[in-house]
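So in this note's numbering, the last one in the sequence shown is 965, and the numbering has no gaps at all.
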Amino acid sequence: MQPTPEQSPHHAYPDHWEADVVLRDGGTARIRPITTDDAERLVSFYEQVSDESKYYRFFAPYPRLSAKDVHRFTHHDYVDRVGLAVTTGGEFIATVRYDRIDERGRPATAPADEAEVAFLVQDAHQGRGVASALLEHIAAVARERGIRRFAAEVLPANNKMIKVFRDAGYTQQRSFEDGSVHLTLDLEPTAESLAVQRGREQRAESRSVQRLLAPGSVAVVGTGRTPGGVGRTVLRNLLGSGYTGRTYAVNRAFDAGATEIDGVPAHRSVGEIDEQVDLAVLAVPADRVPEAVADCGEHGVRGLVVLSAGYAEQGAEGRERQRELVRQARSYGMRIIGPNAFGIINTSEAVRLNASLAPESPARGRIGLFTQSGAIGIALLAGLHRRGAGLSTFISAGNRADVSGNDFLQYWYEDQDTDVALLYLESLGNPRKFTRLARRTAAVKPVVVVKGARHSGTNPPGHAVPVSRIPDATVSALMRQAGVIRVDTVTEMVDAGLLLAGQPLPAGPRVAILGNSESLGLLTYDACLAEGLRPRPPRDLTTAASPQDFRDALAEALGDQTCDAVIVTAIPWVGENGEAETGDGEVLAAALREAAATGPAKPVAVVHVEIGGLAEALAAAAGTVAPARTGARTAPPVRDAAVTPPAGGTTTEPAKDATGDTAPEPATSAPVRIWRIPAYPAAERAVRALAEAVKYAQWRRQAAVPGKVPDFGDTVDESRAARLIGTLLGPDPDPRGRPLTHDEGRELLGSYGITVRPALPAPHPEAAVDAAERLGYPVALKTTAPHLRHRADLGGVRLDLANESELRRAYGELTELLGKPAELQPVVQAMAPRGVDTVVRASIDAAAGAVLSFGLAGAPSELLGDTAHRLVPATDRDAAELVRSIKAAPVLFGWRGSAPADTPALEELLLRVSRLVDDHPEVVSVALEPVVVATQGLTVLGASVRLAPPPARGDLGPRRLPSY
Numbered sequence: 002m003q004p005t006p007e008q009s010p011h012h013a014y015p016d017h018w019e020a021d022v023v024l025r026d027g028g029t030a031r032i033r034p035i036t037t038d039d040a041e042r043l044v045s046f047y048e049q050v051s052d053e054s055k056y057y058r059f060f061a062p063y064p065r066l067s068a069k070d071v072h073r074f075t076h077h078d079y080v081d082r083v084g085l086a087v088t089t090g091g092e093f094i095a096t097v098r099y100d101r102i103d104e105r106g107r108p109a110t111a112p113a114d115e116a117e118v119a120f121l122v123q124d125a126h127q128g129r130g131v132a133s134a135l136l137e138h139i140a141a142v143a144r145e146r147g148i149r150r151f152a153a154e155v156l157p158a159n160n161k162m163i164k165v166f167r168d169a170g171y172t173q174q175r176s177f178e179d180g181s182v183h184l185t186l187d188l189e190p191t192a193e194s195l196a197v198q199r200g201r202e203q204r205a206e207s208r209s210v211q212r213l214l215a216p217g218s219v220a221v222v223g224t225g226r227t228p229g230g231v232g233r234t235v236l237r238n239l240l241g242s243g244y245t246g247r248t249y250a251v252n253r254a255f256d257a258g259a260t261e262i263d264g265v266p267a268h269r270s271v272g273e274i275d276e277q278v279d280l281a282v283l284a285v286p287a288d289r290v291p292e293a294v295a296d297c298g299e300h301g302v303r304g305l306v307v308l309s310a311g312y313a314e315q316g317a318e319g320r321e322r323q324r325e326l327v328r329q330a331r332s333y334g335m336r337i338i339g340p341n342a343f344g345i346i347n348t349s350e351a352v353r354l355n356a357s358l359a360p361e362s363p364a365r366g367r368i369g370l371f372t373q374s375g376a377i378g379i380a381l382l383a384g385l386h387r388r389g390a391g392l393s394t395f396i397s398a399g400n401r402a403d404v405s406g407n408d409f410l411q412y413w414y415e416d417q418d419t420d421v422a423l424l425y426l427e428s429l430g431n432p433r434k435f436t437r438l439a440r441r442t443a444a445v446k447p448v449v450v451v452k453g454a455r456h457s458g459t460n461p462p463g464h465a466v467p468v469s470r471i472p473d474a475t476v477s478a479l480m481r482q483a484g485v486i487r488v489d490t491v492t493e494m495v496d497a498g499l500l501l502a503g504q505p506l507p508a509g510p511r512v513a514i515l516g517n518s519e520s521l522g523l524l525t526y527d528a529c530l531a532e533g534l535r536p537r538p539p540r541d542l543t544t545a546a547s548p549q550d551f552r553d554a555l556a557e558a559l560g561d562q563t564c565d566a567v568i569v570t571a572i573p574w575v576g577e578n579g580e581a582e583t584g585d586g587e588v589l590a591a592a593l594r595e596a597a598a599t600g601p602a603k604p605v606a607v608v609h610v611e612i613g614g615l616a617e618a619l620a621a622a623a624g625t626v627a628p629a630r631t632g633a634r635t636a637p638p639v640r641d642a643a644v645t646p647p648a649g650g651t652t653t654e655p656a657k658d659a660t661g662d663t664a665p666e667p668a669t670s671a672p673v674r675i676w677r678i679p680a681y682p683a684a685e686r687a688v689r690a691l692a693e694a695v696k697y698a699q700w701r702r703q704a705a706v707p708g709k710v711p712d713f714g715d716t717v718d719e720s721r722a723a724r725l726i727g728t729l730l731g732p733d734p735d736p737r738g739r740p741l742t743h744d745e746g747r748e749l750l751g752s753y754g755i756t757v758r759p760a761l762p763a764p765h766p767e768a769a770v771d772a773a774e775r776l777g778y779p780v781a782l783k784t785t786a787p788h789l790r791h792r793a794d795l796g797g798v799r800l801d802l803a804n805e806s807e808l809r810r811a812y813g814e815l816t817e818l819l820g821k822p823a824e825l826q827p828v829v830q831a832m833a834p835r836g837v838d839t840v841v842r843a844s845i846d847a848a849a850g851a852v853l854s855f856g857l858a859g860a861p862s863e864l865l866g867d868t869a870h871r872l873v874p875a876t877d878r879d880a881a882e883l884v885r886s887i888k889a890a891p892v893l894f895g896w897r898g899s900a901p902a903d904t905p906a907l908e909e910l911l912l913r914v915s916r917l918v919d920d921h922p923e924v925v926s927v928a929l930e931p932v933v934v935a936t937q938g939l940t941v942l943g944a945s946v947r948l949a950p951p952p953a954r955g956d957l958g959p960r961r962l963p964s965y
């Protein structure tokens with residue numbers, strides 16, 4: 002909404018303050034600045050507020066607003082006087098206002114940095130978290146306008162408002178003056194305020210998903226009058242799944258006398274239904290969707306699944322249609338799955354919802370599945386069904402214009418019916434938020450991701466989200482840092498999901514292999530070595546082995562404390578007539594399951610070749626059993642006692658989430674389930690899945706004791722760096738930024754304890770000799786021209802020049818071979834101690850954030866992409882992993898008898914660069930190349946730094962839904 006000309010002429014309407022937010026109950030609302038056009042809305046809103054709430058706001062009876070009040074509350078300059086409103090359906094449900102004041106509490110202008118703030122929430126919407134969301138947004142606005150503190154007067158009886166301030170997490174002071182509570186809030190974000198904000202975000206977004214997945218009633222809008230068609234198919238699937246709620250068929254083309262379709266009530270509009278509908282599935286043409294959305298919104302529908310196509314996947318016109326769909330739905334407080342969605346499924350016994358185009362609901366299980374592609378969703382459902390795996394929830398979000406994988410991570414984090422989260426993603430709308438949520442979720446249950454469209458550099462059709470420019474290898478490394486299990490194909494995702502959902506996590510990489518085929522055992526052994534596991538020599542039970550032999554061997558392997566996991570290999574038995582007997586799968590499965598159920602909690606996987614019924618029998622649900630003996634496999638899968646307590650089991654200490662809140666505690670009296678043993682048709686697939694489980698278990702153990710970001714004490718001068726950056730950028734910086742000169746970069750890096758060896762320019766031989774005399778022999782002569790920088794292979798570097806004659810000779814050779822000095826830009830540097838040449842970089846990606854990178858210097862590492870990455874701020878553990886995770890890492894640790902490099906000094910350098918970029922977002926790029934790491938200490942020989950105005954950090958601002 003744009004202001005009228007009566008609005009302050011000095012300050013334009015701040016449309017960037019507009020935001021859609023998810024409230025505590027899962028509904029959405031819009032926050033925006035109040036304008037002069039809002040007079041009637043304000044009066045209508047105030048009339049619906051109770052006398053008690055008015056009294057709390059004005060400290061006196063105040064039945065109605067005067068014309069002067071209305072003018073004052075709708076006319077703002079957006080600097081010293083600001084008002085925000087929360088709207089649903091275009092009408093106000095809450096307001097907040099601040100007025101800048103001086104130290105005596107009188108109206109003031111900048112540079113006064115305190116403001117008086119007051120809230121008013123309609124009684125019908127109190128308890129929905131409206132005031133808490135408003136406080137986040139008005140605080141961000143105030144900080145933007147140079148206000149650092151809020152002052153508020155609250156009546157002692159107004160406990161709700163006092164609680165809003167108290168629970169916000171800001172540093173605050175309280176006093177009792179003249180019959181009211183005087184509160185002062187410091188608006189600088191704190192670790193506590195950020196944790197509170199993210200905790201509220203998680204609960205609100207989780208609740209919004211829960212409302213979609215567990216509705217009490219569903220209306221299928223667009224149900225056909227005759228069998229067939231999308232709407233009628235969804236209705237049939239709803240009924241076939243045994244949905245426990247109430248179902249309605251809606252089509253404006255129904256005859257006036259129609260009362261039922263397929264046995265459910267039929268209506269011509271949602272408005273005709275005599276109860277509030279929780280979820281509407283829209284199966285109408287795109288041009289009729291706005292009418293259907295309005296019908297749903299005006300009659301209290303809480304969420305939409307939009308199956309209709311014809312949106313962003315069809316170009317610019319479709320993208321605008323998609324944006325308008327989101328705006329319209331959110332104006333009514335509704336969230337959307339889709340458009341162009343395949344649907345949603347919830348197998349919970351209390352819901353049994355199949356609001357999708359899938360003809361059969363999957364079996365109930367412990368896997369949550371999210372996919373952005375309907376075709377991939379169909380394939381995954383079929384693949385999981387064939388292998389006997391059940392799902393807790395399934396979501397195919399299509400263009401995912403609103404509800405995304407991030408929302409479902411929020412939901413699965415605390416969903417006790419989900420042990421493993423599988424996601425097929427084609428784009429990441431908010432990579433920073435994704436990695437944050439994935440890290441928190443992965444700390445309690447595995448998250449397995451397949452990323453499609455990895456190399457296209459653009460988003461798939463329909464995905465109107467920001468494009469990240471960081472390479473896919475970097476995305477993969479950042480996912481690994483967050484504990485995400487990144488796999489390349491949907492087949493690998495199913496393979497890993499089956500193992501993680503059906504088995505405990507391994508305590509280490511030691512693998513026992515047993516079976517009745519020596520050849521298959523050797524293939525499995527080789528595969529283990531290739532995946533970095535530590536296999537024991539395969540145990541050959543011979544082709545004469547019986548199911549009882551398998552049982553005994555598996556029980557013995559599980560009981561062996563030198564083994565962390567077991568892979569069983571099996572081929573068909575050969576009968577007396579020489580023919581393979583493939584029908585004993587159920588017998589073998591029973592033997593293996595008996596051994597696994599009574600043995601210690603270690604993962605078991607089976608590799609089989611054409612044994613009929615084995616995979617199905619291993620995956621079959623086995624009901625429940627009484628608790629097993631002490632130390633046996635009594636916990637539901639997904640956890641290992643050596644890592645953390647199992648989901649759904651008892652815990653020694655309540656788990657904490659990222660906000661410090663206690664994670665939801667599952668019931669401890671649930672009956673024990675028999676473990677499902679996954680079966681694989683190839684050794685490589687089983688081993689790869691097990692290797693992912695081993696790496697994930699190791700990450701979980703390490704995440705339980707997080708690394709630290711060192712302080713560095715007096716060796717870091719943050720304020721000096723800030724002053725220097727301010728000076729270099731100037732009062733009106735170029736949005737494109739600017740590179741620093743060699744001396745400017747050295748000075749900035751020096752403020753963080755990073756010493757760059759001086760390089761003196763040598764535009765002619767005499768200058769080179771003079772520079773060498775100042776630095777002291779031996780020296781290096783090298784070119785700094787962009788096309789020759791760091792290209793020793795092109796002959797642009799001469800090392801160990803011991804005297805003037807050698808230096809002059811080298812200078813002549815360079816200029817004769819490569820060009821004139823003006824082109825080469827030669828410099829002279831003192832020689833550094835011999836060591837390993839490495840590269841340290843940090844850069845800012847607008848979508849993913851600051852990324853720290855490390856690799857060895859030289860063309861081979863670049864060609865092979867042997868570079869490791871971590872998100873900033875990096876911890877001491879991150880730095881250690883960076884150094885060790887590149888393939889060429891052995892070069893740093895004494896490869897082939899060489900002296901080990903000083904890796905502690907290298908890790909410290911990485912942490913200092915991380916700290917610099919994290920403290921100063923204006924530092925958008927740092928490259929230290931080469932960094933020569935000797936046996937003692939290191940030398941930074943080259944550095945380039947680029948400054949620019951800091952990019953927006955949406956993950957640190959107030960909660961808001963994305964608007965693409």
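Note that CB positions come from ideal geometry on N, CA and C, so glycine has one too.
Whole angstroms is fine: what's the gap from residue i's alpha carbon to residue j's?
i: L283; j: R31; result: 23 angstroms
i: A786; j: P762; result: 12 angstroms
i: T940; j: V710; result: 23 angstroms
i: L195; j: E202; result: 10 angstroms
i: E930; j: E767; result: 27 angstroms
i: P959; j: Y57; result: 26 angstroms
Is residue i near residue j, with beta carbons less than 8 angstroms apart?
i: L121; j: T88; result: no
i: A446; j: D420; result: Looking at the sequence provided, one finds Lys at residue 446 rather than Ala. Going by C-beta atoms, K446 is nearer than 8 angstroms to D420.
i: I338; j: I345; result: yes
i: E693; j: V488; result: yes
i: A317; j: V294; result: no
Buried or exposed: which applies to residue i, given that a residue is buried once 16 or more other Cβ atoms fall within 10 Å of its Cβ?
i: P861; result: exposed
i: L501; result: buried
i: D52; result: exposed
i: R387; result: exposed
i: T663; result: Because the pLDDT at T663 is just 40, under 50, the model does not fix this residue reliably, and the point stays unresolved.
i: W413; result: buried
i: G661; result: Residue placement at G661 cannot be trusted, given a pLDDT of 39 that sits under 50; what the coordinates show is reported in the next sentence. With fewer than 16 Cβ atoms within 10 Å of its Cβ, G661 is classed as exposed.
i: L213; result: buried
i: R367; result: buried
i: A143; result: buried
i: R107; result: exposed
### Query
Which whole runs of the beta strand (DSSP E) in the stretch 325–409 are 3 residues long or more, in chain order?
336–338, 344–347, 354–357, 365–372 and 392–397
### Message
Quick check: the stretch 231–243 against the stretch 172–187, are at least 3 beta-carbon pairs closer than 8 angstroms?
### Response
no
### Query
Any contact of the stretch 676–690 with the stretch 852–861, i.e. 3+ C-beta pairs under 8 angstroms?
no
### Validate contact between the stretch 74–83 and the stretch 94–111 using beta carbons, cut 8 angstroms, 3 pairs
yes
### Query
Whole alpha helix (DSSP H) runs in the stretch 725–787 with 4 or more residues, listed along the chain?
743–751 and 766–776
### Query
Contact between the stretch 899–907 and the stretch 862–876: three or more CB pairs below 8 angstroms?
no
### Query
For the stretch 355–375 against the stretch 249–264, are there 3 or more C-beta pairs whose distance is under 8 angstroms?
no
#### Entry: Every unbroken beta strand (DSSP E) inside the stretch 27–82 [3 residues or more]
29–34
#### Entry: Length-filtered (4 minimum) alpha helix (DSSP H) runs lying within the stretch 889–919
none
### Length at least 4, wholly inside the stretch 256–303: the alpha helix (DSSP H) runs in chain order
290–298
#### Entry: Given 8 angstroms, three or more beta-carbon pairs between the stretch 508–526 and the stretch 562–571
yes
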